[in-house]
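According to this note's numbering, the sequence shown is numbered sequentially starting from 57.
Cβ atoms here follow ideal geometry from the backbone N, Cα and C, with glycine treated the same way.
So the structure is just underneath, and the comments pick up after that.
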Amino acid sequence: MRFPAGPRHYGLSLALGSAEVTMQEEAALYAMLSGKGLWRPLRLTQQDPLTPGKPLLSPEAAFMVMDILSHNPPPPESGTRIPVAWKTGTSWGFHDAWTTGRFGPYVLVVWIGNSNGAAGPSFIGARAAAPLFFRIIDALQAERIPLPIQHDPPPAGLRRIDICLASGNLPTPWCPRRGKTWFIPGKSPIRVDTVFRPLVISDRTGLQACPPYTGKATHTEIFEFWPSDLQHVFEQAGIPLRHPPGHELCDENGTAPSGEPPVIRSPSQGATYTLRLSGKSPDMVPFSATTDASVHRLYWFVNNALEGSSPPGGTFWWHPATFGKARIRVVTDTGQEASRVITLTQEP
(Lines of atoms letter the chains of each structure in order from A; the text may use other names.)
(Lines give C-alpha, C1' and ligand atoms only; values in the text may rest on other atoms or scores of the structure.)
Protein backbone atom coordinates (compact mmCIF):
# COMPACT_ATOMS: atom_id res chain seq x y z
CA MET A 57 0.00 0.00 0.00
CA ARG A 58 1.35 3.39 -1.00
CA PHE A 59 -0.13 6.64 0.18
CA PRO A 60 -0.44 9.49 -2.36
CA ALA A 61 1.56 11.72 -0.03
CA GLY A 62 4.24 11.09 2.58
CA PRO A 63 3.70 10.84 6.35
CA ARG A 64 4.50 14.54 6.88
CA HIS A 65 1.53 15.47 4.69
CA TYR A 66 -0.94 13.67 6.99
CA GLY A 67 0.70 14.26 10.35
CA LEU A 68 -0.92 12.82 13.47
CA SER A 69 -4.27 12.45 11.70
CA LEU A 70 -2.82 9.42 9.91
CA ALA A 71 -3.64 7.39 13.04
CA LEU A 72 -7.32 8.30 12.54
CA GLY A 73 -7.38 7.12 8.94
CA SER A 74 -6.81 10.35 7.03
CA ALA A 75 -4.79 8.67 4.25
CA GLU A 76 -6.58 7.69 1.07
CA VAL A 77 -7.09 3.97 0.34
CA THR A 78 -9.02 2.08 -2.31
CA MET A 79 -11.79 -0.38 -1.52
CA GLN A 80 -9.51 -3.26 -2.40
CA GLU A 81 -6.78 -1.97 -0.10
CA GLU A 82 -9.34 -1.60 2.67
CA ALA A 83 -10.53 -5.16 2.13
CA ALA A 84 -6.96 -6.49 2.14
CA LEU A 85 -6.25 -4.83 5.49
CA TYR A 86 -9.33 -6.37 7.11
CA ALA A 87 -8.40 -9.74 5.62
CA MET A 88 -4.95 -9.25 7.18
CA LEU A 89 -6.53 -8.68 10.59
CA SER A 90 -8.60 -11.82 10.14
CA GLY A 91 -5.52 -13.75 9.00
CA LYS A 92 -3.43 -13.40 12.17
CA GLY A 93 -1.65 -10.29 10.91
CA LEU A 94 -0.48 -11.78 7.58
CA TRP A 95 -1.13 -9.59 4.54
CA ARG A 96 -1.85 -11.34 1.25
CA PRO A 97 -3.13 -10.15 -2.12
CA LEU A 98 -6.91 -10.33 -2.29
CA ARG A 99 -8.61 -13.57 -3.31
CA LEU A 100 -11.77 -12.49 -5.09
CA THR A 101 -12.84 -16.08 -5.81
CA GLN A 102 -12.12 -19.41 -4.15
CA GLN A 103 -10.18 -20.45 -7.26
CA ASP A 104 -7.60 -17.68 -6.77
CA PRO A 105 -4.28 -19.06 -5.47
CA LEU A 106 -3.40 -18.64 -1.80
CA THR A 107 -0.04 -16.87 -1.66
CA PRO A 108 2.42 -16.73 1.26
CA GLY A 109 1.65 -13.93 3.67
CA LYS A 110 3.71 -10.92 4.68
CA PRO A 111 3.51 -10.21 8.45
CA LEU A 112 2.29 -6.69 9.22
CA LEU A 113 1.03 -7.24 12.77
CA SER A 114 1.63 -9.85 15.43
CA PRO A 115 -1.11 -12.50 15.75
CA GLU A 116 -1.84 -11.11 19.22
CA ALA A 117 -2.34 -7.53 18.00
CA ALA A 118 -4.51 -8.65 15.06
CA PHE A 119 -6.69 -10.76 17.35
CA MET A 120 -7.17 -7.87 19.79
CA VAL A 121 -8.32 -5.51 17.01
CA MET A 122 -10.80 -8.03 15.62
CA ASP A 123 -12.07 -8.78 19.13
CA ILE A 124 -12.75 -5.05 19.66
CA LEU A 125 -14.56 -4.76 16.32
CA SER A 126 -16.66 -7.86 17.00
CA HIS A 127 -18.19 -6.20 20.08
CA ASN A 128 -19.73 -3.48 17.90
CA PRO A 129 -23.44 -4.47 17.83
CA PRO A 130 -25.31 -4.44 14.49
CA PRO A 131 -28.08 -1.89 13.90
CA PRO A 132 -31.35 -2.78 15.65
CA GLU A 133 -33.15 -3.25 12.33
CA SER A 134 -30.65 -5.85 11.13
CA GLY A 135 -31.56 -9.54 11.23
CA THR A 136 -27.92 -10.65 11.21
CA ARG A 137 -27.50 -13.79 13.31
CA ILE A 138 -23.75 -14.34 12.98
CA PRO A 139 -20.83 -12.49 14.57
CA VAL A 140 -19.64 -9.50 12.54
CA ALA A 141 -16.46 -7.54 13.20
CA TRP A 142 -17.11 -4.18 11.58
CA LYS A 143 -16.36 -0.46 11.57
CA THR A 144 -17.86 2.61 9.92
CA GLY A 145 -16.04 5.61 8.51
CA THR A 146 -16.92 9.09 7.29
CA SER A 147 -14.36 11.04 5.31
CA TRP A 148 -13.57 14.67 6.01
CA GLY A 149 -16.17 17.00 4.53
CA PHE A 150 -18.72 14.18 4.03
CA HIS A 151 -17.28 13.03 0.71
CA ASP A 152 -17.48 9.29 1.47
CA ALA A 153 -19.40 6.92 3.73
CA TRP A 154 -17.76 3.59 4.53
CA THR A 155 -18.50 0.37 6.35
CA THR A 156 -16.06 -2.54 6.36
CA GLY A 157 -16.15 -5.82 8.23
CA ARG A 158 -15.56 -9.55 8.42
CA PHE A 159 -18.35 -12.13 8.70
CA GLY A 160 -17.81 -15.84 8.30
CA PRO A 161 -14.94 -16.32 5.82
CA TYR A 162 -15.64 -13.08 3.97
CA VAL A 163 -14.62 -9.42 4.09
CA LEU A 164 -17.19 -6.91 2.84
CA VAL A 165 -16.57 -3.25 2.02
CA VAL A 166 -19.42 -0.82 1.33
CA TRP A 167 -18.75 2.65 -0.05
CA ILE A 168 -21.38 5.30 -0.69
CA GLY A 169 -20.55 8.58 -2.40
CA ASN A 170 -20.56 10.45 -5.70
CA SER A 171 -18.36 9.24 -8.54
CA ASN A 172 -17.21 12.83 -9.09
CA GLY A 173 -16.13 13.17 -5.44
CA ALA A 174 -18.80 15.73 -4.53
CA ALA A 175 -19.73 15.87 -0.85
CA GLY A 176 -23.18 15.22 0.54
CA PRO A 177 -24.59 15.78 4.05
CA SER A 178 -26.03 12.25 4.09
CA PHE A 179 -22.67 10.56 3.47
CA ILE A 180 -22.20 9.34 7.03
CA GLY A 181 -20.84 5.84 7.54
CA ALA A 182 -23.18 4.76 10.32
CA ARG A 183 -26.31 6.15 8.61
CA ALA A 184 -25.66 5.50 4.93
CA ALA A 185 -23.15 2.66 4.48
CA ALA A 186 -23.84 0.53 7.58
CA PRO A 187 -27.52 -0.22 6.76
CA LEU A 188 -26.53 -1.37 3.26
CA PHE A 189 -23.65 -3.41 4.69
CA PHE A 190 -26.00 -5.39 6.95
CA ARG A 191 -28.71 -5.66 4.32
CA ILE A 192 -26.17 -7.47 2.13
CA ILE A 193 -25.33 -9.88 4.95
CA ASP A 194 -29.04 -10.43 5.67
CA ALA A 195 -29.64 -11.11 1.99
CA LEU A 196 -26.87 -13.72 1.92
CA GLN A 197 -28.40 -15.42 4.94
CA ALA A 198 -31.84 -15.34 3.30
CA GLU A 199 -30.37 -17.08 0.24
CA ARG A 200 -28.98 -19.76 2.61
CA ILE A 201 -25.42 -19.11 1.53
CA PRO A 202 -23.17 -20.92 4.04
CA LEU A 203 -21.80 -18.39 6.53
CA PRO A 204 -20.04 -20.47 9.16
CA ILE A 205 -19.64 -18.87 12.56
CA GLN A 206 -15.96 -18.27 13.23
CA HIS A 207 -14.62 -18.26 16.76
CA ASP A 208 -10.93 -17.53 16.38
CA PRO A 209 -9.01 -18.91 19.37
CA PRO A 210 -6.76 -16.37 21.07
CA PRO A 211 -3.04 -16.71 20.27
CA ALA A 212 -0.89 -18.39 22.89
CA GLY A 213 0.88 -15.09 23.65
CA LEU A 214 -2.28 -13.37 24.95
CA ARG A 215 -3.44 -13.15 28.53
CA ARG A 216 -6.80 -12.08 29.99
CA ILE A 217 -6.40 -9.71 32.94
CA ASP A 218 -8.59 -7.68 35.29
CA ILE A 219 -8.58 -3.90 34.87
CA CYS A 220 -10.21 -0.87 36.44
CA LEU A 221 -12.70 0.20 33.78
CA ALA A 222 -12.28 3.93 34.40
CA SER A 223 -8.54 3.99 33.71
CA GLY A 224 -7.79 0.69 31.94
CA ASN A 225 -5.06 -0.03 34.49
CA LEU A 226 -4.67 -2.80 37.05
CA PRO A 227 -7.37 -2.45 39.72
CA THR A 228 -6.86 -1.53 43.35
CA PRO A 229 -9.29 -2.29 46.20
CA TRP A 230 -10.84 1.16 45.66
CA CYS A 231 -11.80 0.74 42.00
CA PRO A 232 -15.63 0.70 41.85
CA ARG A 233 -16.05 -1.05 38.49
CA ARG A 234 -13.83 -3.74 37.05
CA GLY A 235 -13.62 -5.52 33.74
CA LYS A 236 -11.33 -7.73 31.71
CA THR A 237 -9.11 -7.05 28.73
CA TRP A 238 -6.50 -8.76 26.61
CA PHE A 239 -2.87 -8.19 27.50
CA ILE A 240 0.34 -9.00 25.61
CA PRO A 241 3.03 -9.71 28.23
CA GLY A 242 6.13 -7.67 27.59
CA LYS A 243 4.37 -5.48 25.01
CA SER A 244 1.18 -3.95 26.37
CA PRO A 245 1.71 -0.97 28.69
CA ILE A 246 0.12 -1.52 32.06
CA ARG A 247 0.41 -0.09 35.56
CA VAL A 248 -1.58 0.02 38.76
CA ASP A 249 -4.55 2.40 38.80
CA THR A 250 -3.98 5.72 40.54
CA VAL A 251 -7.32 7.39 39.80
CA PHE A 252 -9.18 6.06 42.84
CA ARG A 253 -7.42 6.75 46.13
CA PRO A 254 -8.48 6.74 49.77
CA LEU A 255 -8.01 9.91 51.80
CA VAL A 256 -8.22 10.31 55.56
CA ILE A 257 -10.45 13.33 56.15
CA SER A 258 -10.66 15.32 59.36
CA ASP A 259 -14.21 15.46 60.74
CA ARG A 260 -13.42 18.89 62.17
CA THR A 261 -11.99 20.69 59.12
CA GLY A 262 -13.08 18.61 56.14
CA LEU A 263 -9.46 18.68 54.94
CA GLN A 264 -6.97 15.84 54.62
CA ALA A 265 -5.87 15.03 58.14
CA CYS A 266 -2.25 14.98 59.24
CA PRO A 267 -0.80 11.68 60.47
CA PRO A 268 -0.68 10.10 62.94
CA TYR A 269 -4.44 9.60 62.95
CA THR A 270 -4.75 7.84 66.30
CA GLY A 271 -7.03 9.70 68.66
CA LYS A 272 -8.34 12.04 65.96
CA ALA A 273 -11.90 12.24 64.64
CA THR A 274 -11.42 11.18 61.02
CA HIS A 275 -13.06 9.13 58.31
CA THR A 276 -11.88 7.69 54.99
CA GLU A 277 -13.32 8.70 51.63
CA ILE A 278 -12.47 7.57 48.09
CA PHE A 279 -11.74 10.37 45.61
CA GLU A 280 -11.04 10.38 41.88
CA PHE A 281 -7.63 11.80 40.98
CA TRP A 282 -7.71 12.61 37.26
CA PRO A 283 -4.81 14.49 35.59
CA SER A 284 -5.52 18.17 35.11
CA ASP A 285 -5.82 17.89 31.32
CA LEU A 286 -8.53 15.22 31.64
CA GLN A 287 -10.25 17.25 34.35
CA HIS A 288 -10.51 20.06 31.80
CA VAL A 289 -12.08 17.67 29.28
CA PHE A 290 -14.66 16.56 31.86
CA GLU A 291 -15.50 20.18 32.64
CA GLN A 292 -15.96 21.00 28.96
CA ALA A 293 -18.30 18.02 28.64
CA GLY A 294 -20.36 19.23 31.60
CA ILE A 295 -19.36 16.28 33.81
CA PRO A 296 -18.94 17.48 37.39
CA LEU A 297 -16.00 16.10 39.35
CA ARG A 298 -15.61 16.03 43.09
CA HIS A 299 -12.24 17.60 43.76
CA PRO A 300 -10.12 16.20 46.59
CA PRO A 301 -9.81 18.58 49.56
CA GLY A 302 -6.53 20.22 50.51
CA HIS A 303 -4.25 19.33 53.41
CA GLU A 304 -4.33 20.59 56.94
CA LEU A 305 -1.21 22.43 58.04
CA CYS A 306 1.18 19.61 58.97
CA ASP A 307 4.60 19.75 60.57
CA GLU A 308 7.75 18.43 58.94
CA ASN A 309 6.81 14.90 60.02
CA GLY A 310 3.42 15.11 58.37
CA THR A 311 2.28 14.09 54.92
CA ALA A 312 4.81 13.12 52.29
CA PRO A 313 4.41 13.98 48.59
CA SER A 314 1.88 11.64 46.99
CA GLY A 315 0.14 11.15 43.67
CA GLU A 316 1.49 11.47 40.15
CA PRO A 317 4.38 13.92 39.56
CA PRO A 318 3.78 16.86 37.23
CA VAL A 319 4.55 16.57 33.52
CA ILE A 320 5.71 19.77 31.81
CA ARG A 321 3.86 20.29 28.52
CA SER A 322 5.43 23.63 27.67
CA PRO A 323 8.23 24.48 27.09
CA SER A 324 9.51 21.46 25.15
CA GLN A 325 12.59 19.67 26.43
CA GLY A 326 15.74 20.87 24.65
CA ALA A 327 13.83 23.37 22.53
CA THR A 328 15.43 26.57 21.23
CA TYR A 329 13.31 29.71 21.40
CA THR A 330 14.19 32.70 19.22
CA LEU A 331 12.85 35.76 21.01
CA ARG A 332 12.72 39.52 21.12
CA LEU A 333 13.27 40.64 24.72
CA SER A 334 13.00 44.39 24.35
CA GLY A 335 10.70 46.88 22.67
CA LYS A 336 7.01 47.53 23.02
CA SER A 337 5.98 43.87 22.75
CA PRO A 338 8.70 41.60 24.15
CA ASP A 339 8.19 37.88 23.61
CA MET A 340 7.19 35.54 26.41
CA VAL A 341 7.41 31.78 26.87
CA PRO A 342 4.34 29.83 28.04
CA PHE A 343 4.78 27.44 30.97
CA SER A 344 2.17 24.71 31.52
CA ALA A 345 2.05 21.26 33.07
CA THR A 346 -0.31 18.35 33.56
CA THR A 347 -0.73 17.61 37.25
CA ASP A 348 -2.33 15.18 39.65
CA ALA A 349 -5.80 16.04 40.94
CA SER A 350 -4.38 16.56 44.43
CA VAL A 351 -2.47 19.65 43.23
CA HIS A 352 -3.95 23.09 43.85
CA ARG A 353 -1.02 25.33 42.82
CA LEU A 354 2.09 25.21 40.61
CA TYR A 355 5.23 27.23 41.31
CA TRP A 356 7.57 27.98 38.41
CA PHE A 357 11.32 28.44 38.82
CA VAL A 358 13.93 29.49 36.26
CA ASN A 359 17.53 28.75 37.24
CA ASN A 360 16.33 28.29 40.86
CA ALA A 361 14.65 31.72 40.99
CA LEU A 362 10.89 31.78 41.60
CA GLU A 363 9.17 33.49 38.67
CA GLY A 364 5.52 32.99 39.57
CA SER A 365 2.71 30.49 39.99
CA SER A 366 -0.31 29.19 38.14
CA PRO A 367 -3.34 27.01 38.86
CA PRO A 368 -3.47 23.41 37.59
CA GLY A 369 -4.35 23.43 33.92
CA GLY A 370 -3.43 27.13 33.63
CA THR A 371 -0.58 28.84 31.79
CA PHE A 372 2.12 31.02 33.29
CA TRP A 373 3.71 33.46 30.81
CA TRP A 374 7.38 34.04 31.51
CA HIS A 375 9.21 37.12 30.25
CA PRO A 376 12.94 36.20 29.96
CA ALA A 377 15.51 38.85 30.85
CA THR A 378 18.58 37.29 29.18
CA PHE A 379 19.54 34.82 26.47
CA GLY A 380 21.27 31.49 26.92
CA LYS A 381 20.32 28.20 28.56
CA ALA A 382 17.57 28.18 31.17
CA ARG A 383 16.50 25.37 33.50
CA ILE A 384 12.74 25.42 33.95
CA ARG A 385 11.43 23.75 37.09
CA VAL A 386 7.86 23.34 38.33
CA VAL A 387 7.06 22.44 41.93
CA THR A 388 3.57 21.48 43.07
CA ASP A 389 2.07 22.45 46.40
CA THR A 390 2.20 18.73 47.25
CA GLY A 391 6.01 18.77 47.00
CA GLN A 392 6.62 17.06 43.66
CA GLU A 393 8.52 18.57 40.77
CA ALA A 394 9.74 18.26 37.19
CA SER A 395 12.27 20.18 35.14
CA ARG A 396 13.72 20.64 31.67
CA VAL A 397 16.32 22.78 29.93
CA ILE A 398 15.70 25.15 27.02
CA THR A 399 17.84 27.60 25.05
CA LEU A 400 16.92 31.24 24.36
CA THR A 401 18.43 33.00 21.35
CA GLN A 402 18.06 36.53 20.04
CA GLU A 403 15.80 37.23 17.10
CA PRO A 404 17.93 38.29 14.09
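Which listed residue (the options) has its alpha carbon closest to that of residue i
i, options, result
"H151", "S74, R191 and L98", "S74"
"A108", "I180, M88, P132 and M120", "One point to set straight first is that residue 108 is Pro, not Ala, in the sequence displayed. The residue with the shortest Cα to Cα distance from P108 is M88."
"N360", "L331, E393, P338 and S366", "E393"
"T378", "P404, W356 and S334", "S334"
"P139", "T388, P283, Q206 and Q102", "Q206"
"V358", "A345, A117, E304 and I398", "I398"
"D389", "V351, A184, R383 and S171", "V351"
"V77", "W167, A184, P115 and P105", "W167"
"G315", "L263, F252 and Q287", "F252"
"M120", "K92, Q103, T101 and T146", "K92"
"P129", "A182, E116 and Q402", "A182"
"A84", "H127, G370, V165 and A349", "V165"
"G380", "G364, F372, S395 and L400", "L400"
"H127", "A141, R396 and A117", "A141"
"L106", "S114, G213 and R96", "R96"
"K243", "Q102, A117 and E403", "A117"
"C266", "A293, C306 and Y66", "C306"
"V289", "G369, G224 and Y329", "G369"
"I219", "D208, G294, P232 and T270", "P232"
"G149", "N172, P177 and M122", "P177"
"R396", "V163, A327, K336 and S258", "A327"
"M79", "V163, I257 and N172", "V163"
"S147", "I180, G364 and P63", "I180"
"R260", "H303, Q103 and Q292", "H303"
"P161", "L263, L100 and G67", "L100"
"I124", "P210, R64 and T228", "P210"
"P317", "G391, H65, A61 and P115", "G391"
Counterpart residues of residue i in DSSP-defined beta bridges
i, result
"P333", "Rather than Pro, the amino acid found at residue 333 in this sequence is Leu. Beta-bridge pairing links L333 to no other residue."
"P296", "Note: P296 sits in no beta bridge, so no partner."
"A394", "V386"
"G380", "L400"
"R253", "F279"
"Y162", "F159"
"V358", "A361 and I384"
"A153", "T146 and I168"
"P111", "L94"
"Q264", "I257 and H303"
"L226", "V248"
"T328", "T399"
"P366", "At residue 366 the sequence reads Ser, which differs from the Pro that was named. DSSP lists L354 as partners of S366."
"T274", "S258"
Extent of the continuous alpha helix (DSSP H) to which residue i belongs
i, result
"D285", "S284 to Q292"
"A118", "P115 to S126"
"E316", "Unbroken run through E316: none, as it is neither H nor E."
"F190", "A186 to A198"
"Y66", "P63 to Y66"
Whole-Å CB distance - residue i paired with residue j, under 8 Å assumed
i, j, result
"W238", "R216", "6 Å"
"K110", "L94", "7 Å"
"L221", "R234", "6 Å"
"T346", "D249", "No, T346 and D249 are not in contact; Cβ-Cβ is about 17 Å, not under 8 Å."
"I240", "L226", "About 15 Å separates the two Cβ atoms, so there is no contact after all."
"P367", "R353", "7 Å"
"L203", "L196", "6 Å"
"P376", "L331", "7 Å"
"T144", "A175", "The Cβ separation is near 17 Å, so there is no contact."
"P268", "D348", "The pair is not a contact, with the Cβ atoms about 24 Å apart (cut-off 8 Å)."
Limits of the beta strand (DSSP E) - the one that residue i falls within
i, result
"R234", "R234 to F239"
"Y86", "That residue, Y86, is in no beta strand (DSSP E); its alpha helix (DSSP H) goes M79 to S90."
"R216", "R215 to C220"
"P245", "Run containing P245: none; DSSP gives neither H nor E here."
"T144", "V140 to T146"
"P342", "V341 to T346"
"F372", "F372 to W374"
For the stretch 267 to 280 against the stretch 292 to 309, do three or more pairs of beta-carbon atoms, one drawn from each stretch, fall closer than 8 Å, so that the two count as touching? yes
Decide if the stretch 313 to 322 is in contact with the stretch 338 to 358; the criterion is three or more beta carbon pairs, one per stretch, under 8 Å apart. yes
Pairing CB atoms from the stretch 264 to 276 with CB atoms from the stretch 155 to 173, are three or more of them under 8 Å? no
Touch check for the stretch 124 to 135 and the stretch 183 to 198: three-plus C-beta pairs under 8 Å? Taking a contact to require three or more Cβ pairs closer than 8 Å, the stretch 124 to 135 and the stretch 183 to 198 qualify as touching.
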